[in-house]
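J.: Under my numbering, the first residue of the sequence shown is numbered 1306, with each subsequent residue one higher.
For glycine and all other residues, C-beta sits at the position ideal for the given N, C-alpha and C.
Please find one structure pasted underneath; my questions will follow.
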Amino acid sequence: MEEFTKTFYERSLGQIGTWISEHGIDIVFLIIFGFAIYYIGRIIINYLLKILISGVNRPGWTKVDKKKRQDTLSSLAITVWRLIVVTSVGIQIAREFVPGLNFSTLVASLGIFSVVISLGAQSLVKDFLSGLFIISENQYRVGDIIEINGYTGAVTYMGTRTTILRDAEGNAHYFPNGIITHVINKTMNYSIARIKINVASGTDIDKATKIINQIGQRLAKHKKWEKRIIEAPHFDSISSISAGSIEMIIVGKTNPSDQWVVSSKLRQMIIQEFDKNNISLA
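Next up, the structure:
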């Protein structure tokens, strides 16, 4: 019995060694070739898209918009390219294990399973088609700040099946494209810096308005901030009046995603100037 077991293992190991010597090098070559062709394809895709997008001129598009569009299309194209490479290399490796394997015949023989899979993949098809429409209509791009189903964050990934948002706390939210029905894009073409300032009742509103407008003009002309601001921040309206305070609204137009830093700087300057001019905040 021991002799039989020993002989069996020796023959098995011998057969495995023979198979590895005949097919192992080919499989390793296929894997290396797959990685190489994938990364070469990525470089070519990024290069071609950079040339293509840089030549597109649409009203209101900035360099930031073009970069976002390029990143979005690049993410999609690379995903498709990866799928093609993995599928092609996978088929070739499978043929090393089963010589003469005919995939068309195999798929035909699994007809009933294909029907079951197709029924289960309906949501995937819906996600895919929705993703194509979102991308073709340029509803949002990688890097945009958007709101989906009450969740706000930066688009970190956008594919044909899913969209990933990263919120202010660092949480990643995954959305199948098929369930996205309403999107608020906070950084399309331009953004609005909108802040509220509450001043004490009895404040000279004309004086406060003049100071706010001067601050907005000064900020818009500042060397560090002029590239971020499209339209100088200015007093817009009084939104509410209470027994102890008056709420003033200040707005300004900025480049996409710059509204938050501009708003923060604006608040800082208003506080400093109001303090100098004895205007009390409520």
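Is valine 1361 buried or exposed, if buried means 16 or more other CB atoms sit within 10 Å of its CB?
T.: Looking at its Cβ environment, which holds fewer than 16 other Cβ atoms inside 10 Å, valine 1361 is exposed.
J.: Determine the DSSP secondary structure at aspartate 1541, reduced to helix, strand or coil.
T.: Here aspartate 1541 sits in strand by DSSP.
J.: Specify whether the stretch 1514-1521 and the stretch 1480-1495 touch according to this definition: at least 3 beta carbon pairs, one from each stretch, less than 8 Å apart.
T.: With a cut-off of 8 Å, the stretch 1480-1495 and the stretch 1514-1521 do not count as touching, because too few Cβ pairs lie within range.
J.: How long is the line joining the alpha carbons of leucine 1381 and serine 1544, rounded to whole angstroms?
T.: Using only the alpha carbons, I get a separation of about 44 Å.
J.: Please work out which residues of its chain come closer than 8 Å, Cβ to Cβ, to valine 1447, disregarding the five sequence neighbours upstream and downstream, and give them in chain order.
T.: For valine 1447, where only same-chain residues beyond five positions count, the Cβ hits under 8 Å are Lys1373, Asp1376, Thr1377, Ser1380, Val1460, Thr1461, Tyr1462, Met1463.
J.: Buried or exposed for tyrosine 1445, going by 16 or more other Cβ atoms inside 10 Å?
T.: Burial call: buried.
J.: What are the start and end residues of the alpha helix (DSSP H) that includes threonine 1465?
T.: Careful: threonine 1465 lies outside any alpha helix (DSSP H) and carries neither H nor E.
J.: Quick one: any contact between the stretch 1496-1503 and the stretch 1554-1563, if contact means 3 or more CB pairs under 8 Å?
T.: Output reads yes: the stretch 1554-1563 touches the stretch 1496-1503.
J.: Counting only the same chain and skipping the five closest in sequence on each side, list residues whose C-beta sits under 7 Å from that of isoleucine 1489.
T.: Cβ within range, chain order: Ile1451, Glu1452.
J.: Kindly indicate the opening and closing residues of the alpha helix (DSSP H) around tyrosine 1495.
T.: No alpha helix (DSSP H) holds tyrosine 1495; DSSP gives it neither H nor E.
J.: Which value, in whole angstroms, describes the spacing of the CA atoms of proline 1561 and histidine 1487?
T.: Their Cα atoms are separated by approximately 20 Å.
J.: Output yes or no for whether 9 Å exceeds the beta carbon distance between valine 1385 and isoleucine 1342.
T.: Going by C-beta atoms, valine 1385 is not nearer than 9 Å to isoleucine 1342.
J.: Could you name the residues that DSSP lists as bridge partners for asparagine 1592?
T.: Given that the chain is displayed from residue 1306 to residue 1587, the structure contains no residue 1592 and the question cannot be resolved.
J.: For the beta strand (DSSP E) containing glutamate 1452, name the first residue and the last one.
T.: Its beta strand (DSSP E) spans residues 1450-1453.
J.: Give the secondary structure of arginine 1533 by DSSP, where H, G and I count as helix, E and B as strand, and everything else as coil.
T.: Coil, per DSSP.
J.: Following the continuous alpha helix (DSSP H) through tyrosine 1343, name the residue where it begins and the one where it ends.
T.: Counting along the chain, the alpha helix (DSSP H) containing tyrosine 1343 begins and ends at 1330-1359.
J.: Let me confirm a value: leucine 1524 is counted as buried when at least 16 other C-beta atoms fall within 10 Å, else exposed. Which label applies?
T.: When all chains shown are included, leucine 1524 counts as buried.
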